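**Student:** There's a structure below that I have some questions on.
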Amino acid sequence: MSGVLAVGTFYATRWHERKSAREQLAFGAAEDIAEGLLQLHAAFRPQPWQPPRGDWSTLWQAADKFGDMCIVRFSALSEPPLRLAVADTYNLVFEALGVMRKQASSDPGEVAAVDTDGMIGEMLDYIELVVGALINWRSGSEATRLEVPDVSWRGLTDEPLPHFHHRDARAPRRR
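Per our numbering, the sequence shown runs over residues 17 to 191.
Below you can see the structure in the form of structure tokens.
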């Protein structure tokens, strides 16, 4: 009987260690993604003592840095609502950049009427919500699904843009 108890205790301890390691990995991913979002936020809305916001290509470089980090750290997030919010943020940022790029082109078409400052404000408001959700979850709150803003400028460009495809649920694990 003591052998069975010892084996059971061993496996329970290993399970707890793995669970704790996954949790720490998820917390680290949430912190890294929140930091990347704050850096992206700063690129779009610089402080008064910093140089003014750059054009779409400068902002695209900042978004690429966030995108690279996001793709790498995304899989460590354990909460589906947060994973979806991060993917939605990625898509929203690149759609806004697509609008800015189209506005700077020789034929802006429909996007010429889009208020760039208003568009950036809407995008940054959502980024702030996502950062808040990541920080709150890291502090022990329940992860919640954030509604993506229904804004008029989404879908106005037909240009190929980076897009983060995601599903509402994680794929089942293979054993």
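Note that beta-carbon positions come from the ideal geometry of N, C-alpha and C, so glycine has one too.
Note that the structure is a prediction, hence the values are computed from the model and not measured.
(1) Can you tell me which of Asp131, Thr160 and Gly156 puts its alpha carbon nearest to the alpha carbon of Leu145?
(2) Tell me which same chain residues have a C-beta within less than 8 Å of the C-beta of Phe43, skipping the five on either side of it?
(3) Taking its Cβ as the centre, do 16 or more other Cβ atoms sit within 10 Å of Ile87, making it buried, or is it exposed?
(4) Touching or not, the stretch 51 to 64 and the stretch 94 to 101, by the rule of three or more beta carbon pairs under 8 Å?
(5) Hey, how far is the Cα of Glu175 from the Cα of Ser36?
(6) How would you label Gly105, buried or exposed, when you count the other beta carbons within 10 angstroms and need 16 or more for buried?
(7) Using CA coordinates, which residue listed in Phe180, Trp72, Ile151 and Ser91 is at the minimum distance from Met135?
(8) Please classify Thr173 as buried or exposed, where buried requires at least 16 other C-beta atoms within 10 Å of its C-beta.
**Tutor:** Answer, in terms of the structure:
(1) Ranked by Cα distance from Leu145, the first of Asp131, Thr160 and Gly156 is Thr160.
(2) Closer than 8 Å at the Cβ level, and outside the excluded window around Phe43, lie Arg154.
(3) Around the beta carbon of Ile87, fewer than 16 other beta carbons lie within 10 angstroms, which makes this residue exposed.
(4) Judged by Cβ distances under 8 Å, the stretch 51 to 64 makes no contact with the stretch 94 to 101, as fewer than three pairs qualify.
(5) Per the coordinates, the alpha-carbon of Glu175 lies some 43 Å from the alpha-carbon of Ser36.
(6) As written in the sequence, residue 105 is Thr, which differs from the Gly given in the question. Buried, because 16 or more other Cβ atoms sit within 10 Å of the Cβ of Thr105.
(7) It is Trp72 whose Cα lies nearest to the Cα of Met135.
(8) The residue in question, Thr173, is buried, as its Cβ has 16 or more Cβ neighbours within 10 Å.
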